[in-house]
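In this text, residue positions in the sequence shown follow the working numbering: the first is 39, and each later residue adds one. Glycine included, each C-beta is placed from N, C-alpha and C at the ideal position. Bear in mind that the values here come from a model prediction, so they are computed numbers and not experimental data. I have placed the structure first, in the form of structure tokens, so that the comments after it can refer back to it.
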Amino acid sequence: MIDISKLIQGKNVTELDIQLLSYIVENMDHVLKQGVRHIAKVNYTSPATIIRLSKKLGYTGFVDMYYHLLPLVKEVDEKKGNVEDDFPDITTKEFFDCNGMETIHQFIHKVMQMEQTYIFLYATGFSAIAAEYLYKKLLVLGKKTILASGMDSIGVFENNLDHIGALVVISKSGETQQVIDKLVAAKEHNIFTVSFTKEIENRIANISDLNFKIMDNNKLDDRNMLPNIFFPRLLMAFELILKEYLKTNAR
């Protein structure tokens with residue numbers, strides 16, 4: 039199942055753009071050979087519209103867009119195979135393939151070692167479940183922490199800005215607008231920001247002062263409908279960070 043909603047979020051696209059992108063994604067095996075003129079013809083528009091769409095999405099042109107989307111679409115297709123393919127072994131190696139130990143140490147220094155201010159955790163949807171797990175782990179360690187989700191009033195965040203030392207957000211897609219809004223507000227108040235997102239480029243990772251990249255099996259399944267071990271990997275990342283924190287404090 040391919041979900042293009044996060045590909046277009048924040049991109050100022052039209053209904054025609056969505057129709058074109060859906061056509062391209064659904065016909066990935068043929069569109070490069072077909073070319074922009076054929077795609078435009080079957081969608082009753084002009085080649086220039088397709089070029090404009092690719093630039094709205096941040097690519098230099100149609101071919102650039104095709105080669106960036108191809109691995110994402112192919113990955114979804116490949117996951118239709120054996121059940122065990124959906125659940126590869128979770129290892130620390132895959133975490134360190136995307137993140138360095140210096141990132142963990144920066145998190146420890148900037149977030150875990152704060153004493154007078156609060157850690158503010160924010161996430162929505164499925165990510166909010168993982169955020170609650172981290173919240174309870176931090177409380178057990180004696181860290182002053184506030185947890186909020188998309189269901190909470192915005193006042194929970196805004197009324198505590200003067201007491202927040204770090205904002206930690208979780209977004210599988212890296213494109214959740216509510217999370218982006220919190221990051222922007224935090225940076226305006228010089229609050230250190232940390233994000234946990236999937237490993238490919240996304241707006242939340244780019245905005246954050248510190249980003250942890252978590253491997254996502256199904257990068258276009260932003261509704262979390264397919265089997266995926268993104269969240270188990272995320273929990274493992276939390277445990278790796280906390281283990282290093284405890285080891286650092288024991289020295």
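Item, Value
"For V194 and T129, the rounded distance between their alpha carbons", "36 Å"
"Coil, strand or helix - N249 by DSSP", "strand"
"Where the beta strand (DSSP E) through A223 begins and ends", "Premise fails: A223 lies in the alpha helix (DSSP H), Q215 to E226, not in any beta strand (DSSP E)."
"Whole-angstrom distance between Q144 and E277, CA atom to CA atom", "16 Å"
"Contact set for L177: own chain, Cβ-Cβ below 7 Å, skip 5 residues either direction", "T183"
"A78 versus F100: straight-line alpha-carbon distance, rounded", "12 Å"
"DSSP beta-bridge partners of L234", "The displayed chain sequence assigns Phe, not Leu, to residue 234. According to DSSP, F234 bridges with I208 and F250."
"Chain-order list of residues whose beta-carbon lies under 7 Å from that of Y61 (same chain, five-residue window excluded)", "I77 and N81"
"Separation of M139 from K131, as counted between CA atoms", "12 Å"
"L290 and L45 closer than 8 Å at C-beta", "Examination of residue 290 is not possible in this model, given that the chain is present from 39 through 289 alone."
"Residue from F158, I238, M150 and D190 whose Cα sits closest to the Cα of Y21", "In the structure displayed, the chain extends from 39 to 289; residue 21 sits before or after that span and is not available."
"Contact set for A224: own chain, Cβ-Cβ below 6 Å, skip 5 residues either direction", "L205 and T231"
"For M253 and T83, the rounded distance between their alpha carbons", "37 Å"
"6 Å Cβ shell around F158 - same chain, five flanking residues per side excluded", "I184, I202 and L205"
"Cβ-Cβ distance between N249 and I267 below 8 Å", "no"
"Cα-Cα separation between R90 and P109, rounded to whole angstroms", "22 Å"
"Own chain residues within Cβ distance below 6 Å of N240, not counting five before or after", "G212 and E213"
"DSSP three-state assignment for T183, whether helix, strand or coil", "strand"
"Supposed contact pair K49 and L95 - C-beta distance, whole angstroms, cut 8 Å", "6 Å"
"From L199, G163 and K174, residue whose alpha carbon lies closest to that of T155", "L199"
"Cα-Cα separation, S187 to Q72", "45 Å"
"DSSP-derived helix/strand/coil call for I157", "strand"
"Coil, strand or helix - I192 by DSSP", "coil"
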